[in-house]
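A short worksheet on the structure shown next.
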Ligand code: ADP
Ligand code: MG
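Numbering (my numbering), first residue to last: 3 to 431.
Take a look at the structure:
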């Protein structure tokens, strides 16, 4: 099967071959024809299977078939949950659309809105956006969505997980009732089906998730370890294995920061990527990681979702996710594009129930190892940890440390001032 036989135009085929793609991926093969025919499409395939091109290519073709409207109102709106994803889709749209006369733009929060407003003023055919900033700019009157012909919800499952349902519903009210709808998701939960029912009109449903495909291609291993020894074990595995390009998942943002600091102290270059980081810091971290100047990226599930990081040899679950599907997404980051990968989970007693749930989902009993010096604690409780509780305790501890530091710095500034006085008095004498 070739891209040409899917009915794509010469201009798109040229851009595709420039990008180096030879054949369409299974989800592209299945999704592109119905989108070109104008159907609503509900598509599901795992992370890393090329869903972005599955909707952007046919959209670009459909839009370029008609003359641009006067003032170039938004004709296709692509909603996506995170800033990184929005930026990645935008990059793809620009690359695929290189030989077409279409304008695209991306808007997301966390950065100055003025350049985005200026771009919108010039007219934009394809707009990629995160919900918050989109609704903001619309409310301020900088953007009208009443000419949208094609609406896309990308990473719909994550949108729901991140609590964007209300925002999605608000956006739906701003776009015309008659339009083509596309929904892409890595998973097909009950909630996704319900959302799809509310948005899509008689959709063609395409699914390209081969049973357990990722799971088979990836070597998975569990290290049973005491919770307080996890950091040491992660450092040992990474440095002794001389691993480069490791993606480490933690359950919380503070956990990501703390782990990053420990890696740096151990001489492993690391960067954290999560929702509390500024856009600049996140982009820089991702770039460093892709270039290889940063060996380890520590991420939370939400921040990592949909990130396009090809060829990742190692994924470490520093904490096990309490949502089993997240495990599948996480390990899907390794062994992309047919390369082999290794996924390692550090599991403490309190995560036993999460492990059992994951094994049930993937239908495998994961092999367990114990490293000398990093044994599990036989007396530790198997009661599941409460991550929110853990985060609260961490904040309290930070506050205590901060107030202690403040007292110390107060006394040291007092010392400084007496010293200054002394110098001063000496001078006068
Ligand atoms: P998904 O949205 O399913 O997680 P992406 O759209 O981010 O996946 O694509 C994952 C990677 O695969 C990207 O680096 C993309 O450039 C690459 N890719 C997409 N389609 C093809 C293709 N047909 N041939 C080769 N690589 C592709
Ligand atoms: Mg995607």
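Positions of the beta carbon are idealized from the N, C-alpha and C atoms, including for glycine. Nothing here was measured: the structure is a model prediction, and the numbers come from that model.
Inset, instruction - May I have the straight-line CA-CA distance separating residue 17 from residue 254, to the nearest angstrom? - result: Position 15 of the chain shown, counted from the start, is the residue given in the question as residue 17. Position 252 of the chain shown, counted from the start, is the residue given in the question as residue 254. Taking the straight line joining both Cα atoms gives about 40 angstroms.
Legend entry - At least 3 beta-carbon pairs within less than 8 angstroms: the segment 161-174 vs the segment 99-117: no
Legend entry - Extent of the continuous beta strand (DSSP E) run through residue 225: Along the chain shown, read from residue 1 onward, the residue named residue 225 stands at position 223. Start and end: 220-226.
Legend entry - Backbone secondary structure at residue 58 - three-state DSSP: Working through the chain shown from its first residue, we reach residue 58 at position 56. Helix at residue 58.
Inset, instruction - Assess, as a yes-or-no matter, whether the segment 36-43 is touched by the segment 66-80 under the definition of 3 or more beta carbon pairs within less than 8 angstroms. - result: no
Inset, instruction - Write down the C-beta distance between residue 369 and residue 223 rounded to the nearest angstrom, noting that I regard them as a contact closer than 8 angstroms. - result: Here residue 369 refers to the residue found at position 367 when the chain shown is read from its first residue. Here residue 223 refers to the residue found at position 221 when the chain shown is read from its first residue. Contact holds; Cβ gap of about 6 angstroms.
Inset, instruction - With DSSP as the reference, please indicate the residues paired to residue 3 in a beta bridge. - result: If you number the chain shown from 1, residue 3 lands on position 1. The partner list for residue 3 (beta bridge, DSSP) is empty, contrary to what the question assumes.
Inset, instruction - Give a single yes or no on whether residue 24 has its beta carbon closer than 8 angstroms to a heavy atom of ligand 1. - result: Position 22 of the chain shown, counting from 1, holds the residue named residue 24. Yes, ligand 1 has a heavy atom inside 8 angstroms of this Cβ.
Inset, instruction - Tell whether a beta-carbon distance below 9 angstroms holds between residue 316 and residue 360. - result: Looking up residue 316 in the chain shown gives position 314. Looking up residue 360 in the chain shown gives position 358. Against a cut-off of 9 angstroms, the Cβ pair of residue 360 and residue 316 comes out as no contact.
Legend entry - Cβ distance (whole Å) where residue 257 is taken to contact residue 321 below 8 angstroms: Taking the first residue of the chain shown as 1, we reach residue 257 at position 255. Taking the first residue of the chain shown as 1, we reach residue 321 at position 319. Sure, about 7 angstroms apart at Cβ, within 8 angstroms.
Inset, instruction - Have a look at residue 399 and residue 280 and give me their C-alpha separation to the nearest angstrom. - result: Along the chain shown, read from residue 1 onward, the residue named residue 399 stands at position 397. Along the chain shown, read from residue 1 onward, the residue named residue 280 stands at position 278. Rounded to whole angstroms, residue 399 to residue 280 spans 24 angstroms at the Cα level.
Inset, instruction - Evaluate contact between the segment 42-58 and the segment 185-198, counting only Cβ atoms and requiring at least three cross-stretch pairs below 8 angstroms. - result: The segment 42-58 is in contact with the segment 185-198.
Inset, instruction - Report yes or no: do three or more beta-carbon pairs, one from the segment 77-88 and one from the segment 125-137, lie closer than 8 angstroms? - result: yes
Inset, instruction - Look at the alpha carbon of residue 22 and the alpha carbon of residue 292, and state the distance between them as a whole number of angstroms. - result: Taking the first residue of the chain shown as position 1, residue 22 is located at position 20. Taking the first residue of the chain shown as position 1, residue 292 is located at position 290. Straight-line Cα distance between these residues: approximately 18 angstroms.
Legend entry - Residue interval of the alpha helix (DSSP H) (run including residue 361): Along the chain shown, one-based indexing puts residue 361 at 359. That run of the alpha helix (DSSP H) goes 354-364.
Inset, instruction - Report yes if the C-beta of residue 27 is less than 8 angstroms from at least one heavy atom of ligand 1; otherwise report no. - result: The count along the chain shown starts at 1 and reaches residue 27 at position 25. Here the distance from the Cβ of residue 27 to the nearest heavy atom of ligand 1 is below 8 angstroms.
Inset, instruction - With hydrogens ignored, establish whether the beta-carbon of residue 30 is closer than 8 angstroms to any heavy atom of ligand 1. - result: For the purposes of this step, residue 30 is taken as residue 28 along the chain shown, with counting starting at 1. It does: the Cβ of residue 30 is within 8 angstroms (strictly closer) of some heavy atom of ligand 1.
Legend entry - 9 angstroms Cβ cutoff, residue 351 in contact with chain B: Among the chains of the structure shown, chain B does not appear; only one protein chain is present.
Legend entry - Beta-carbon proximity check, residue 318 vs residue 268, cutoff 9 angstroms: For the purposes of this step, residue 318 is taken as residue 316 along the chain shown, with counting starting at 1. For the purposes of this step, residue 268 is taken as residue 266 along the chain shown, with counting starting at 1. In this structure, residue 268 does not lie closer than 9 angstroms to residue 318 by Cβ.
Legend entry - Whole-angstrom distance between residue 252 and residue 348, CA atom to CA atom: Here residue 348 is taken as the residue at index 346 of the chain shown, counted from 1. Here residue 252 is taken as the residue at index 250 of the chain shown, counted from 1. So the two alpha carbons sit approximately 11 angstroms from each other.
Legend entry - Coarse secondary structure for residue 63, derived from DSSP in three states: As a working mapping, residue 63 is identified with position 61 in the chain shown. Here residue 63 sits in helix by DSSP.
Legend entry - CA nearest to the CA of residue 2, picked from 53, 98 and 112: Coverage of the chain is limited to positions 3 through 431, which leaves residue 2 absent and any answer about it impossible.
Inset, instruction - Could you check if residue 397 is buried or exposed, using at least 16 other CB atoms within 10 Å of its CB as the buried criterion? - result: For the purposes of this step, residue 397 is taken as residue 395 along the chain shown, with counting starting at 1. Under the 10 Å beta carbon count, residue 397 is surrounded by fewer than 16 other beta carbons and is classified as exposed.
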